[in-house]
Every structure is written in C-alpha cells, then in structure tokens.
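Numbering (my numbering), first residue to last: 25 to 180.
All C-beta atoms, glycine included, are put in the ideal place defined by N, C-alpha and C.
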C-alpha cells in the first residue's frame with residue numbers, strides 16, 4: 025500500500041508545491057502592488073503636506089497683504105478726514121472773514137448814506153449854496169433885474 029500511495033503523494037505534493045508557488049508568486053505580486061501603493065500613498069501625503077504648507081504660506085501672505093491694505097486704507101481715511109477737517113476750518117475762517125466784511129460794508133454804507141442825507145439837506149439850502157459857491161459864476165443863473173412897473177394912478 026505504501027507503494028500505491030507514493031506516486032499519488034508525490035503528485036499531490038507536486039500539486040501542492042505548485043499551488044504554494046503560485047500563492048507565493050501571487051503574494052509577491054500583491055506585496056509589490058502594496059509597496060507601490062505605499063509609495064504612492066507616501067507621495068500623495070508629501071504632496072498634500074506641500075500643498076498644505078503652500079496654502080498656509082499663501083494664506084499668511086494674503087493675511088499680511090490684507091492687514092497692510094487695511095492699515096493703508098485707515099491711514100488714507102485718517103489723512104482724508106484730516107484734510108477735510110482742515111478744509112472745513114479754512115472754509116469757516118473764510119466765511120467768518122466774509123461776514124465781517126459784509127458787516128463793515130453795511131455799517132459804512134449806512135454811515136455814508138446818513139452823511140449824504142445830512143450833506144444834501146444842508147447843502148440844498150440857498151444860504152449854504154450862496155456861502156460856498158457864490159463866487160463861481162457858471163453855477164448860478166443870473167436873472168436880469170427889471171424895474172418894477174410904476175404904481176397905477178387913480179383917475180378918478
């Protein structure tokens with residue numbers, strides 16, 4: 025019986041050997057694929073970390089740029105407000121000066137009007153006119169003095 029089993033056992037052993045070899049080759053292929061996957065996973069992780077670092081750096085740059093822009097905008101706005109305040113102050117001074125000149129002009133106008141009224145009243149009188157301008161011949165119309173008609177006689 026041992027003789028009969030021996031050829032079958034060798035066949036079975038060879039078959040098992042082939043199967044084991046096939047499994048080992050399959051496992052080696054899978055191990056190679058797993059190594060490739062592990063390598064690719066490492067590359068993907070490295071790329072992800074590089075992207076993350078680049079994104080963080082870009083976000084940091086953008087944050088700094090936004091802060092700089094905000095600061096510049098605040099400075100510009102502050103400067104503009106200061107300019108506007110100075111312009112308002114200058115405009116207010118000009119308006120005050122203008123109102124002072126208007127008041128002075130109104131007062132002078134009233135004074136000159138009163139003086140002209142008084143002068144016109146005083147100088148319109150014949151006495152003043154004769155006093156100041158008596159010796160100026162072209163200012164006076166000379167009337168011929170005619171003799172008065174003789175008085176009428178009563179005939180009666």
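DSSP, reduced to helix, strand and coil, places residue 73 within a helical segment of the structure shown. Between residue 60 and residue 46, the alpha-carbon positions lie close to 21 Å from each other. For residue 52 and residue 58, the gap between their C-alpha atoms comes out near 10 Å. Distance from the CA atom of residue 65 to the CA atom of residue 85, rounded to whole angstroms, is 30 Å.
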